[in-house]
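Data block below; observations after.
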Amino acid sequence: MSIPALEPKAVWTNFLSICGIPRGSGNEAAIADWLLLRARSLGLEASQDAVGNVIIRKPASRDREFRNGVVLQAHMDMVCQAANGVDHDFKRDPIRPQILADDPDWMLARGTTLGADNGIGMAAILAVLEATDLVHGPLEALFTVNEENGMSGARGLKPDSLKGNYVLNLDSEAIDELTIGCAGSLRANARLELPALPAGPGLAWIELAINGLQGGHSGVDIAKQRANASRLLARMLTGLPVEIRLASLVGGNALNAIPRQAEALLCVPAASLMAVQAAVVGLADEVRRELAVVEPQFSCGLAPGRAAAACLSPADSQRALRLLLELPNGLQSMDAKLPNTIRTSLNLGITSLAPSSSGQFELSLGLLVRSSDEAEKLALAATIEAACQAAGGRLERLSVSPAWQPEWDSPLLKTACAVFKQVHGAEANLTVTHGGLECGLFRPLYPRWQMVSLGPNLRFAHSPDEALHIPSVAEFWRYLVALLRELQ
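Okay, structure coming up:
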């Protein structure tokens with residue numbers, strides 16, 4: 033079956049259109065313009081605020097004018113990740129979704145993230161706005177910018193922009209769940225400046241690369257013990273039996289994605305090149321055995337490198353690698369009250385060692401702390417800062433997002449659970465996600481809001497393996513329509 037033939041047709045038609053518009057974080061102008069044009073073509077009130085969020089209003093159905101207003105919310109941007117060897121310009125090229133030939137219940141993109149996070153939520157909202165046969169109270173659609181890279185859209189929202197009392201966030205990833213809370217976050221950069229030196233004679237330049245890791249979402253996948261390519265590369269470099277001089281090290285490109293690949297340019301004593309080659313083979317075999325279950329596609333490549341103008345000394349090379357390895361990373365603690373729920377984690381999402389404008393080298397480590405416990409989040413940040421200072425570096429705190437705490441007794445949640453059972457024939461699983469949702473930032477702005485998050489089945493978000501479960505989209509739509517009808 034082709035994608036345009038899928039049901040509900042309005043949702044899939046909108047999703048295909050959205051996939052055709054590049055919309056990485058910070059590049060939402062085109063998708064925002066498209067949303068405004070769509071709204072005006074439907075005769076709906078539409079506006080854009082100072083930070084780029086789009087708000088569209090649809091009047092209530094007949095005799096539903098005095099019901100509580102509902103805000104349907106999704107974010108416009110997507111995480112941009114391409115598979116190894118795939119050349120994709122996310123600022124110009126469309127996403128190309130396809131139905132899996134050997135499993136037609138699933139949809140992926142060709143070599144990139146699919147962007148169903150959160151394109152399918154946007155598509156469902158547009159289908160509601162277009163529909164003439166749905167029953168609902170007053171509706172507002174809120175499409176935010178830059179959710180995936182700091183949530184600046186939610187941060188910039190004004191407290192008088194929206195009138196509704198109920199919020200349906202359409203950014204969850206499991207059809208059998210209603211999300212009623214999320215972790216807070218802290219984004220930071222660890223920076224360490226190091227002297228640049230000429231490489232000198234008698235050295236051989238090589239490139240060492242890690243590829244084939246699964247990566248994934250740094251919230252929902254962080255407890256799966258997947259390897260971090262940047263840290264794995266640092267581990268292998270420190271395991272080499274000779275002095276090394278680093279000239280560059282790069283890994284990952286998003287704070288909220290676990291790095292899948294990393295590479296380093298370095299030089300070693302030319303007389304020791306064969307020993308280095310043998311050591312890399314041995315280290316790679318060791319890692320391959322260790323990660324056989326969680327990272328079956330791990331690969332490690334060693335190749336001749338192009339000589340750089342400058343590099344680090346052997347001592348500073350080890351200093352940089354030690355900082356990279358000594359920082360906490362991954363799962364830190366589980367929630368004692370909620371079974372199988374992560375409380376605190378840390379992801380090293382972006383690593384860059386490169387010459388700076390000062391003429392020195394700078395090691396920059398992009399970090400994302402997540403926690404549902406504010407004190408534990410700040411304590412972990414303090415631990416990171418202490419490690420940076422001990423290495424002679426500094427920690428820059430970029431942004432902080434509060435956790436969204438559950439409201440177990442809200443009228444919205446009670447109605448959502450009752451309708452869920454009517455539609456699905458089973459009780460909803462109420463969850464607090466370790467992923468970040470904008471609801472935590474909405475709470476201080478709109479304390480009256482009651483909020484629930486829902487969505488179809490989505491797996492491997494923030495990676496080129498991102499996959500959307502096609503049958504669950506129809507279930508998601510049926511539930512959304514029924515919930516809008518029943519909300520008082």
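Residue numbering for the sequence shown follows my numbering, beginning at 33 and increasing consecutively. Just so you know, even glycine gets a beta-carbon here, dropped at the ideal spot from N, CA and C. Please read all numbers here as calculations on a predicted model, not as lab measurements.
In the three-state reduction of the DSSP assignment, residue 460 falls in the coil class.
Restricting attention to beta strand (DSSP E) runs no shorter than 3 residues, the region 37-96 encloses them at 77-80 and 86-90, ordered along the chain. The C-beta distance from residue 57 to residue 197 rounds to 29 Å, too long to meet the 8 Å contact threshold. Between residue 492 and residue 248, the C-beta gap is smaller than 8 Å, which places the two residues in contact.
Distances from the CA of residue 512 to each of 149, 159 and 74 were compared; the closest alpha carbon is that of 159.
Contact between residue 473 and residue 219 does not hold, since their C-beta atoms are separated by about 13 Å, which reaches or exceeds 8 Å.
Sixteen is the threshold: when 16 or more other Cβ atoms of the shown chains lie within 10 Å of the Cβ of residue 179, as they do, the residue is buried. Here the C-alpha atom of residue 383 lies approximately 10 Å from the C-alpha atom of residue 280.
The alpha-carbon separation between residue 391 and residue 139 amounts to approximately 47 Å.
Annotated three-state conformation of residue 221 is strand, per DSSP. Around residue 475, the same chain offers no residue with a beta carbon nearer than 6 Å, after the five sequence neighbours per side are excluded. Judged by their CB atoms, residue 252 and residue 501 are not nearer to each other than the 8 Å cut-off. For residue 138, the three-state secondary structure derived from DSSP is strand.
If you draw a straight line from the Cα of residue 278 to the Cα of residue 297, it is about 6 Å long. Straight-line spacing of the CA atoms in residue 507 and residue 206 works out to 11 Å.
Under the DSSP assignment, residue 133 falls outside any alpha helix (DSSP H); it carries neither an H nor an E label. With 16 or more neighbouring CB atoms inside 10 Å of its own CB, residue 217 falls in the buried class. In its chain, beyond the 5 residues on either side, 229, 231, 277, 278, 279 and 299 have a beta carbon closer than 7 Å to the beta carbon of residue 343. Inter-segment contact for the region 320-335 and the region 359-371 is absent: fewer than three beta-carbon pairs are separated by less than 8 Å. Counting only runs of at least 4 residues, the region 168-250 fully encloses the following alpha helix (DSSP H) elements, listed from N- to C-terminal order: 184-187.
For residue 273, same chain residues with a beta-carbon under 7 Å away, outside a window of 5 residues either side, are 307 and 311 in chain order. With contact defined as three or more Cβ pairs closer than 8 Å, the region 186-196 and the region 436-447 are not in contact. By the Cβ neighbour-count rule, residue 117 is exposed, with fewer than 16 other Cβ atoms within 10 Å of its own. Boundaries of the alpha helix (DSSP H) around residue 150: 148-162. Taking 3 residues as the minimum length, the beta strand (DSSP E) runs contained wholly in the region 427-478 are 461-465, in order along the chain.
Taking a C-beta distance under 8 Å as the contact criterion, residue 201 and residue 105 qualify as a contact pair. For residue 416, the enclosing alpha helix (DSSP H) has its first and last residue at 406-422.
Following the DSSP letters along the chain, one finds residue 375 inside the beta strand (DSSP E) bounded by residues 374-387. Leaving aside the five residues that flank residue 294 on each side, the residues in its chain whose CB is nearer than 6 Å to its CB run, in chain order, 242, 261, 262, 265 and 283. In the DSSP assignment, residue 289 forms a beta bridge with 249. Between residue 405 and residue 373, the CB-CB gap reaches or exceeds 8 Å. Just so you know, the alpha carbons of residue 64 and residue 175 end up roughly 8 Å apart. A straight line joining the alpha-carbon of residue 186 with that of residue 418 spans about 31 Å. With a beta-carbon spacing of about 6 Å, residue 210 and residue 462 fall inside the 8 Å limit used to define contacts.
Closest option to residue 331, judged by alpha-carbon separation, among 340, 44, 313 and 358: 313. Exclusion of the five residues before and after residue 516 leaves 168 as the residues of its chain whose Cβ lies within less than 6 Å of its Cβ.
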